[in-house]
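*Asks:* Residue numbers (our numbering): 453 to 861. Where is the CB? At the ideal position from N, CA and C, for every residue including glycine. On a predicted model such as this, the values are computed, not experimentally measured, just so you know. Would you mind keeping the following structure in view while I ask a few things?
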Amino acid sequence: MSSTDLPVPAQLSVRADWPDPLVSFDGRRVAGREMWERERKPELRALFQHYMYGRMPSASKVKAIVRRTDPQALGGKATLKEVSLAFGPEGCPPLELLLVVPNKRSSSTAAAAPVFLGLNFTGNHTLLADPEIKIPTAWMRQREGVEDHHATPKGRGLNVDTWALEQSVDAGFAIATFYYGDGLPDKPDYADGSYPYFVKVDGAQLGPSDCGAIAYWAWTLHRAVDYLVTVPEIDRERIAVFGHSRNGKAALVAAAFDERIALAVPHQSGCGGAAPSRTQNPKAETVKKINDSFPHWFCGNFKAFNAEPARLPFDQHALVALCAPRPVLFTNGLDDQWADPPGQFETLKAATPVYALYGAEGLAAAEPKLGELVSSTLGYYLREGVHVTDPGYWRIFLEFAARRLKPKT
Ligand code: GCU
């Protein structure tokens with residue numbers, strides 16, 4: 453489907469019910485898995501890019517330069533590598549990846565470790581108390597350890613609990629992460645990071661289907677996957693993506709657009725991620741609110757849905773459906789209604805018929821139970837609390853991934 457064939461948003465019909473992912477844009481029912489794979493999946497990917505996230509650039513060849521190796525990280529439990537992932541034309545800034553791989557493989561059947569890949573908010577140096585980890589040079593939002601919008605050594609080790617790296621290593625998982633602003637700093641201009649080397653924005657605002665930040669961050673995750681599939685210590689069949697909040701939105705988009713990703717945990721990702729645009733939750737973030745606060749996250753067309761999200765030719769269940777039959781887990785806090793936990797549950801329910809095409813179970817629960825992990829292929833977990841990532845949530849991510857990502861024997 454070429455985007456020139458697509459109507460402008462105002463010409464799309466209003467659909468209060470969520471559009472059925474198994475009915476194509478021109479109204480034909482998807483007859484089975486083959487038609488889903490061949491026609492409807494590419495169509496949905498084109499629709500999501502055109503009306504919501506913007507067009508991702510085409511892939512660019514990645515060159516990995518291992519800058520440092522510490523085989524005795526975490527008291528000898530893991531090997532830490534700092535790897536510059538260079539791509540694009542001369543001068544294009546690389547992604548600075550931190551890769552921590554357990555030295556002991558937890559399973560006798562697997563020579564290589566599964567990995568959680570994700571964007572971090574605060575820089576690799578904040579995730580471990582290690583005086584050598586490279587500090588990001590790109591623009592950063594103000595917070596502790598950040599001065600004049602730039603990270604400083606004061607941030608070292610400040611967010612050890614947010615990523616709980618040691619806990620993952622103990623569970624046999626590797627972690628691969630980089631600062632989300634390496635690709636595009638999180639502000640409404642388009643001049644920094646690698647983004648301007650791949651996307652030309654004409655004027656101060658994103659054009660109708662120009663690549664927004666969420667799609668670009670997802671695309672940088674794909675570049676990290678390009679590297680991870682070449683690392684012998686990593687099991688290329690067990691690459692999971694994780695992200696919190698805006699980085700969770702990017703994680704879900706990354707999984708929906710790249711089949712090499714075996715599992716996704718978009719944690720508390722909310723509007724534009726796991727939560728429906730047509731939400732019924734009065735406390736949840738709306739399309740208008742997100743577009744007004746973060747104009748750089750989505751393409752120009754998406755703003756046309758502010759008043760009427762019911763014109764969207766899809767809802768977020770179709771994004772999850774694009775991951776089928778791969779496992780996806782939504783995790784939430786009861787007090788974080790902005791991220792719309794009940795709406796997210798409905799998203800999973802509505803994606804389930806597409807999982808059924810593959811004989812996968814989808815969501816195996818009629819309603820959420822507080823504090824109980826639903827560990828079906830489409831998983832769900834809700835606990836007391838606010839908008840946060842902590843070791844308690846990591847215990848759930850790791851439990852779900854261990855159940856759902858078995859090594860091939
Ligand atoms: C804001 C925004 C959310 C986002 C969150 C975050 O609250 O409205 O959409 O998920 O920031 O990224 O922490």
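For my contact list, Ser-455 and Ala-498 are in at a C-beta cut-off of 8 Å; report their separation, rounded to the angstrom.
*Replies:* Indeed they touch by this definition, with Cβ atoms about 7 Å apart.
*Asks:* Look at the alpha carbon of Asn-784 and the alpha carbon of Ala-854, and state the distance between them as a whole number of angstroms.
*Replies:* When rounded, the separation of the alpha-carbon atoms in Asn-784 and Ala-854 is 19 Å.
*Asks:* For Ser-745, which three-state DSSP category applies?
*Replies:* Under the three-state reduction of DSSP, Ser-745 is assigned to helix.
*Asks:* Could you have a look at Arg-847 and say whether DSSP puts it in helix, strand or coil?
*Replies:* helix
*Asks:* When you compare each of Leu-830, Ala-702, His-719 and Leu-547 to Val-518 by their alpha carbons, which one comes out closest?
*Replies:* Leu-547
*Asks:* Go through its chain and collect everything with a Cβ distance to Val-475's Cβ below 8 Å, but skip five positions before and after it.
*Replies:* Arg-481 and Val-482
*Asks:* Note down, in chain order, each residue of its chain lying with its Cβ closer than 7 Å to the Cβ of Cys-775, except the 5 sequence neighbours on either side.
*Replies:* Closer than 7 Å at the Cβ level, and outside the excluded window around Cys-775, lie Ala-707, Ala-708 and Ala-716.
*Asks:* Compare the Cα-Cα distances from Ser-828 to each of Lys-821, Ala-817, Lys-606 and Glu-836 and report the closest residue.
*Replies:* The shortest CA-to-CA distance from Ser-828 to any of Lys-821, Ala-817, Lys-606 and Glu-836 is the one to Ala-817.
*Asks:* Taking DSSP's pairing of strands, which residues face Asp-662 in a bridge?
*Replies:* Partner(s): none; Asp-662 has no beta bridge.
*Asks:* Assign Glu-556 to buried or exposed, taking buried as 16 or more other Cβ atoms, counted over all protein chains shown, within 10 Å of its Cβ.
*Replies:* Before going on, a small fix: residue 556 reads as Lys here, not Glu. So Lys-556 ends up on the exposed side.
*Asks:* On the DSSP letters alone, give me the boundaries of the beta strand (DSSP E) that Val-552 sits inside.
*Replies:* 547-554
*Asks:* Taking Pro-805 as part of the alpha helix (DSSP H), name the residues at either end of that continuous run.
*Replies:* 793-809
*Asks:* Considering only heavy atoms of the ligand GCU, does any lie closer than 7 Å to the CB of Ser-697?
*Replies:* Yes, the beta carbon of Ser-697 sits closer than 7 Å to at least one heavy atom of the ligand GCU.
*Asks:* Could you check if His-748 is buried or exposed, using at least 16 other CB atoms within 10 Å of its CB as the buried criterion?
*Replies:* buried
*Asks:* Grouping DSSP H, G and I as helix and E and B as strand, with all else coil, what is Asn-576?
*Replies:* helix
*Asks:* Taking the alpha carbon of Leu-831 as the reference point, which residue from Arg-730, Leu-781 and Val-514 has its own alpha carbon closest?
*Replies:* Sequence inspection shows Gly at residue 831; the Leu mentioned does not correspond to that position. Taking only the C-alpha atoms, the option nearest Gly-831 is Leu-781.
*Asks:* According to DSSP, is Asp-522 part of a helix, a strand, or is it coil?
*Replies:* strand
*Asks:* Going by the beta-carbon positions, is the gap between Gly-579 and Leu-617 smaller than 8 Å?
*Replies:* First, the amino acid is wrong: residue 579 is Leu here, not Gly. In contact: Leu-579 and Leu-617 (Cβ atoms closer than 8 Å).
*Asks:* Let me confirm a value: Pro-583 is counted as buried when at least 16 other C-beta atoms fall within 10 Å, else exposed. Which label applies?
*Replies:* exposed
*Asks:* Our contact map puts Gly-607 next to Gly-575 with C-beta atoms below 8 Å; I'd like the distance itself, whole angstroms only.
*Replies:* 6 Å
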